[in-house]
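What follows is one structure encoded as structure tokens, with my remarks underneath.
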RNA sequence: GCGCUCUUAGCUCAGCUGGAUAGAGCAUCGGUUUUCUAAACCGCAGGUCGCAGGUUCGAAUCCUGCAGAGCGCGCCA
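In the numbering used here, the protein residues as written are 126 to 702.
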């Protein structure tokens, strides 16, 4: 039940019917008419700008028009206790007890579904996220994008959308060759006691390669490791598999599970690149040509060469993009073209890619590919997760690949826990760089928004515990008739904003709104709780050690919203803290 | 040089896709526990929404220009 939508519908109906009677002129579009949350200092529950939008086409003062429309709204509506017209022409509506009764019954009946966007067309989504190179465990930088993608998927699923979560494995190209060679040297270290060549810059030095090498040696007694060349393909596959084991375990520590892992090598071996290039050629988006040196290469020995290019400039990209190297192998981009063609062939309605800030420059060419192949039928939305600045002991902490100052996801989870990592990483808009302060995240206080929200839930649970009622029991509210004070209604208003929070998070793919909202709701609740210290009538449990029906239902719906929200964020709601 | 993102209180950030007197937390200072969980609450103070124009009845929000910060710009992936 989204009370803002309900009243927007109602108001739209009223003005349309007035327009039919020729008593009101409407503009071409009614998009800008809205029903919103009024600022705090007004004593009302919802407000609308309808008269300001309609004033101009009717050449009438918005205040006068507001008076006329507010009369029409109030007529035949016995849920309104008061309706005001305020300064520029806002109409402010205050609801009566009957309204809040209906509202509460509705929330109780919706239960786990409360907040879902109604009348939403069911779409098939593909969310691609993380897709980090399979050359080692995930580090903290990957973490934010991972959580962002996971929670965006949760929001979509909460709204009954079909979602496939996918990880694209870049197991092809030069980096993987270096990686495999590094593993090979580690294997020689184990078997032939040769020390690892530390001076070669193209090798991966990390200690985790030792574990990978050990596992490979132990699990493949039949392989002859004496020479690299004969086993290179096999070793590549084994190394990537081992590496992905780390990655999957990291993700699972974060509470994340992908549905698919798609291998770039498979895509290339299946000739999907050739097929995609053929397709684009037919559509006239591919040609042979030369590209200019980038600005950063102006002074180097850049050589212009003829090569296969994709016309991404047709779609607003800075330059056309190369598909093939001189040695005729495919570029990374070519593989990605094929991968996106593959996505499109699987019949998704919408594609979502979560990228790290360092890959933002890639967005234009990939949206260009999707547009070119699908003929603009399937939309792709790329979300960028900005950098995470680590702060330890009040100082910025720079990560480098050198041993020792490299924080992995595992380190992070060990230090702060899955829930704190998820909640804190989500608590900010993904467009903004995030300060991640280790000491603060571990703190069990108000400084830590996770505990603040969880504590709210735990407090509610403790009330239920004290009166021996199971918080998860269903409540039959059919015959209830509640009476709430203005302090309680203030919280109910916040509860009524939940569907709106979900709707915006969904439309804009901005999960940070959920933790922000949950914090605000919790704040209202903690505030109310403390009022009970001075005013006995505001306590939940009365003198006879009973919980009134009013309070029971009141607590129930707050806990319900917190639970629904925390489920989406993917963190626990402990009943005791 | 070009592209993307950002700039709101001393610090870290929200701000509902254009609304009303711009909101939180931290830090500072002061107060609240014989009472349902003080991991909490209450109060004081703090603002030229980077700057300059424009669109509009109305701009922190949209457009243009400028300044600053970050990231990126390969036949790497």
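Built from N, CA and C at the ideal position, the CB exists for glycine as well.
Please read all numbers here as calculations on a predicted model, not as lab measurements.
| Asked | Found |
| --- | --- |
| Residue 417 versus residue 429 - alpha carbon distance | 7 Å |
| Residue 653, DSSP secondary structure in three states | helix |
| Coarse secondary structure for residue 694, derived from DSSP in three states | helix |
| Enclosing beta strand (DSSP E) for residue 361 [first to last residue] | Run containing residue 361: none in the beta strand (DSSP E); it sits in the alpha helix (DSSP H), 357-378. |
| Residue span of the beta strand (DSSP E) that contains residue 507, given as start and end | 504-510 |
| Neighbourhood of residue 249 by C-beta, 6 Å cutoff - its chain only, sequence neighbours within 5 removed | 287, 473, 474 |
| Reference residue 169, options 126, 180, 221, 175, closest by Cα | 221 |
| DSSP three-state assignment for residue 529, whether helix, strand or coil | With a pLDDT of 49 at residue 529, under the threshold of 50, the predicted position of this residue should be treated as unreliable, though the coordinate-derived value follows. It is coil, neither helix nor strand. |
| Sequence-distant residues of the same chain with beta carbon closer than 6 Å to residue 138, five excluded per side | none |
| Selected residue, minimal CA-CA separation from residue 306, among 341, 292, 543, 360 | 360 |
| Extent of the continuous alpha helix (DSSP H) to which residue 273 belongs | 265-283 |
| Inter-stretch contact (C-beta, 8 Å, three-pair minimum) for the segment 226-234 and the segment 682-701 | yes |
| Endpoints, the beta strand (DSSP E) within which residue 542 is located | Per DSSP, residue 542 belongs to no beta strand (DSSP E) and is neither H nor E. |
| Residue range of the beta strand (DSSP E) that includes residue 407 | Careful: residue 407 lies outside any beta strand (DSSP E), inside the alpha helix (DSSP H) at 397-407. |
| Alpha carbon of residue 710 to alpha carbon of residue 533, nearest angstrom | The chain is shown only over 126 to 702; residue 710 falls outside these bounds and no answer can be derived. |
| Candidates 470, 469, 488, 471, of which the one nearest residue 478 by Cα | 488 |
| Whole-angstrom distance between residue 587 and residue 620, CA atom to CA atom | 21 Å |
| Rounded separation between residue 298 and residue 581 - CA only | 51 Å |
| For residue 596 and residue 697, the rounded distance between their alpha carbons | 16 Å |
| Alpha-carbon to alpha-carbon, residue 481 and residue 256 | 10 Å |
| When 516, 133, 577 are compared against residue 562, the one with the closest alpha-carbon | 516 |
| Assigned exposure category for residue 455 - 16 Cβ within 10 Å defines buried | buried |
| Three-state secondary structure (DSSP) of residue 219 | strand |
| Three-state secondary structure (DSSP) of residue 471 | coil |
| Exposed unless 16 or more other CB atoms sit within 10 angstroms - verdict on residue 312 | buried |
| Span of the beta strand (DSSP E) around residue 393 | First-last for residue 393: 389-394, but that is the alpha helix (DSSP H), not the beta strand (DSSP E). |
| CB-CB length for residue 705 against residue 639, believed under 8 Å | An answer regarding residue 705 cannot be provided, because it is not within the stretch 126 to 702 covered by the chain. |
| Residue 640, DSSP secondary structure in three states | helix |
| Reference residue 510; option with closest CA among 484, 301, 503, 500 | 484 |
| Assigned secondary structure, residue 492 (DSSP; H/G/I helix, E/B strand, else coil) | helix |
| Top-ranked residue by Cα proximity to residue 606, from 349, 462, 674 | 674 |
| Whole-number beta carbon distance between residue 459 and residue 449, since they are thought to touch under 8 Å | 7 Å |
| Reference residue 328; option with closest CA among 376, 302, 432 | 302 |
| Beta-carbon proximity list for residue 283, same chain, < 6 Å, skipping 5 on both sides | 693 |
| Residue range of the unbroken alpha helix (DSSP H) whose run includes residue 560 | First-last for residue 560: 559-562, but that is the beta strand (DSSP E), not the alpha helix (DSSP H). |
| Alpha-carbon to alpha-carbon, residue 584 and residue 700 | 8 Å |
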